[in-house]
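Convert by adding 3 to the 1-based position in the sequence shown; the result is the number in the numbering used here.
Everything below concerns the one structure shown next.
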Amino acid sequence: MLVQIAFYLAPFVTCIPCSQVMNRLGYKVSLSLSLLLAAVGGCSFSFAIAMGSFTGSLVGIFVIALGVAAMQVVANPYVTQIGEVRTASRRLTFTSSINSLGTTLAPLILGITLASAGVENIYLILSVGLLLLSLLTWKGPLQDVRGKGGVKLHGQLIALTNHKPFLLGAVTIFVYVGVEVAIGTVTISYLSDKNIVNLTSTAAASLISLYWAGSMVGRFAYSFLGRKVESMRALFFSALLAVLLIILAMFNGNVFGAVCLIAIGLCNSFMYPVIFYKSIEGLKDLTSSGSAVLVMCSVGGGIVPFVQASLIDHTSIPFSYIVPLLGYLIIASYGLYSKSSSSKR
4 MLVQIAFYLA PFVTCIPCSQ VMNRLGYKVS LSLSLLLAAV GGCSFSFAIA MGSFTGSLVG
64 IFVIALGVAA MQVVANPYVT QIGEVRTASR RLTFTSSINS LGTTLAPLIL GITLASAGVE
124 NIYLILSVGL LLLSLLTWKG PLQDVRGKGG VKLHGQLIAL TNHKPFLLGA VTIFVYVGVE
184 VAIGTVTISY LSDKNIVNLT STAAASLISL YWAGSMVGRF AYSFLGRKVE SMRALFFSAL
244 LAVLLIILAM FNGNVFGAVC LIAIGLCNSF MYPVIFYKSI EGLKDLTSSG SAVLVMCSVG
304 GGIVPFVQAS LIDHTSIPFS YIVPLLGYLI IASYGLYSKS SSSKR
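The structure is reproduced here in structure tokens:
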């Protein structure tokens, strides 16, 4: 539990300061420093494991989480600003698909190498890789982007509250990350419950990897085929499809219901990048601060699953999916509103 707290607390510590560094030093240097911070965290974790220190390990994990959060703050808006505006959401979706690929492959690679290398050596190797990537980013020919930084932080945050599309996007990011994580965790209980699918815990945990893999496949597909589909229209219909799949799972507590829940991974695939881009679109010099706030909204991944788990204690596993169902209705409403707003311009 402390590990999850460390990861969800980290964005609140690093995101806003990182946005200010972006304004002063530019995106390129900020990205390099973010990678360096994660490398320091990896080294700290490796040494703490070798020394058998739980507190040191937790500190190392927290520093890694700081670096990861900083990377998100920098990389997401950076990707949208280094190319044509009309392809920005597809570029962000493609980079998100690479992230999903790492999420899918990392447990497999870790499982193969853990017995022979040991946790501390694996993290030490990862830290060296992050350090090299940091140096490559610093010295490489990457295009730089820099904000004007003329407005103080307090003024930037106040200015953001005047952007209704951003505020709605921030709420939707909170909801999206929450329902994505909730389904990815609670569905393991759905699969292993003796009155539903009755799989072993190990089999259920393995099967849920298909949910995350579906998200990866969908992101790759959208990054190449997205030019044929208006992003907010796609978001609206994908969210409605997720609602339908959840309803089927709630009223079919069996293998079919499990398949419906796992299929939601495909619906999720491109939601985060298109919501993120739509939220920061038009923020101009407020982009870095807006990006920081959006990454902080990922705390929904810790809150929504808790709400659903609490509901299970008072009702049942199938009925608890009313929580993500309501979440997807909010996402669908956001997609419909954003599409209507774009049509009026």
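We put the beta carbon where it would ideally sit given N, CA and C, even for glycine.
Buried or exposed for residue i, going by 16 or more other Cβ atoms inside 10 Å?
{"i": "PHE227", "result": "exposed"}
{"i": "ILE112", "result": "exposed"}
{"i": "PHE94", "result": "According to the sequence shown, residue 94 is Arg rather than Phe. Classification for ARG94: buried."}
{"i": "PHE259", "result": "exposed"}
{"i": "ARG27", "result": "exposed"}
{"i": "PHE309", "result": "exposed"}
{"i": "LYS31", "result": "buried"}
{"i": "PRO110", "result": "exposed"}
{"i": "ARG222", "result": "buried"}
{"i": "VAL131", "result": "exposed"}
{"i": "LEU289", "result": "buried"}
{"i": "SER119", "result": "exposed"}
{"i": "GLY114", "result": "exposed"}
{"i": "MET54", "result": "exposed"}
{"i": "THR318", "result": "exposed"}
{"i": "LEU5", "result": "exposed"}
{"i": "VAL326", "result": "buried"}
Spatial neighbours of residue i within its chain, please: CB distance less than 8 Å, with the 5 preceding and 5 following residues excluded, ordered by chain position.
{"i": "LEU194", "result": "VAL200, LEU202, ALA206, ALA207, LEU210, ILE211, ALA261"}
{"i": "THR116", "result": "ILE125"}
{"i": "SER323", "result": "VAL189, GLN311, ALA312, LEU314, ILE315"}
{"i": "TRP215", "result": "SER103, THR106, THR107, GLY187, GLY268"}
{"i": "PRO168", "result": "LYS281, SER282, GLU284, GLY285, SER341, SER344"}
{"i": "VAL246", "result": "LEU328, TYR331, LEU332, ALA335"}
{"i": "LEU248", "result": "CYS263, LEU264, ALA266, ILE267, CYS270"}
{"i": "LEU251", "result": "PHE259, GLY260, CYS263"}
{"i": "LEU213", "result": "ILE265, GLY268"}
Taking 7 Å as the cut-off, is the CB of residue i close to at least one heavy atom of the ligand NAD?
{"i": "ILE211", "result": "This structure lacks the ligand NAD; in fact it carries no ligand of any kind."}
Going by beta carbon distance, what residues of the same chain come within less than 6 Å of residue i, once the five residues before and after it are set aside?
{"i": "TRP141", "result": "SER35"}
{"i": "ILE85", "result": "GLN146"}
{"i": "MET235", "result": "GLY338, SER341, LYS342"}
{"i": "ARG89", "result": "none"}
{"i": "GLU183", "result": "ASN271"}
{"i": "PRO321", "result": "MET253, GLY256"}
{"i": "ALA91", "result": "THR83, TYR280"}
{"i": "SER291", "result": "SER22, MET25, ASN26, GLY150"}
{"i": "THR96", "result": "ARG222, TYR225, SER226, PHE273, PRO276"}
{"i": "LEU129", "result": "GLY45"}
{"i": "GLY217", "result": "GLY268, LEU269"}
Just checking my contact of residue i with residue j at CB under 8 Å: how many whole Å lie between their CB atoms?
{"i": "MET299", "j": "PRO14", "result": "5 Å"}
{"i": "PRO276", "j": "SER99", "result": "5 Å"}
{"i": "PRO80", "j": "SER301", "result": "Not quite, the Cβ-Cβ distance comes to about 15 Å (not below 8 Å), so this is no contact."}
{"i": "SER137", "j": "LEU39", "result": "4 Å"}
{"i": "LEU238", "j": "MET274", "result": "6 Å"}
{"i": "ILE278", "j": "ILE161", "result": "Not confirmed; about 23 Å, so no contact."}
{"i": "ALA41", "j": "LEU163", "result": "Not really, about 27 Å apart at Cβ, beyond 8 Å."}
{"i": "GLY70", "j": "SER37", "result": "6 Å"}
{"i": "VAL3", "j": "GLY303", "result": "Look at the range of the chain in this structure, 4 to 348, and you will see that residue 3 is not part of it."}
{"i": "ALA72", "j": "ALA9", "result": "Not quite, the Cβ-Cβ distance comes to about 11 Å (not below 8 Å), so this is no contact."}
{"i": "GLY181", "j": "VAL307", "result": "3 Å"}
{"i": "VAL43", "j": "VAL66", "result": "6 Å"}
In chain order, what residues of the same chain have a beta carbon less than 7 Å from the beta carbon of residue i, not counting five sequence neighbours either side?
{"i": "SER60", "result": "PHE48, ALA51, ILE52"}
{"i": "GLN7", "result": "GLY305"}
{"i": "CYS18", "result": "ALA72, VAL76, ALA295, VAL298, MET299"}
Can you check the region 20 to 85 for any alpha helix (DSSP H) of at least 4 residues that lies completely inside it and give the ranges in chain order?
30 to 54, 57 to 84
What runs of the alpha helix (DSSP H), each 4 residues or longer, lie entirely inside the region 284 to 328?
290 to 299, 303 to 317, 320 to 323
Write down every uninterrupted run of the alpha helix (DSSP H) in the region 141 to 189 whose length is 4 residues or greater and which is fully enclosed by it, in chain order.
156 to 163
Residue ranges of each alpha helix (DSSP H) within the region 236 to 282, 4 or longer
258 to 271
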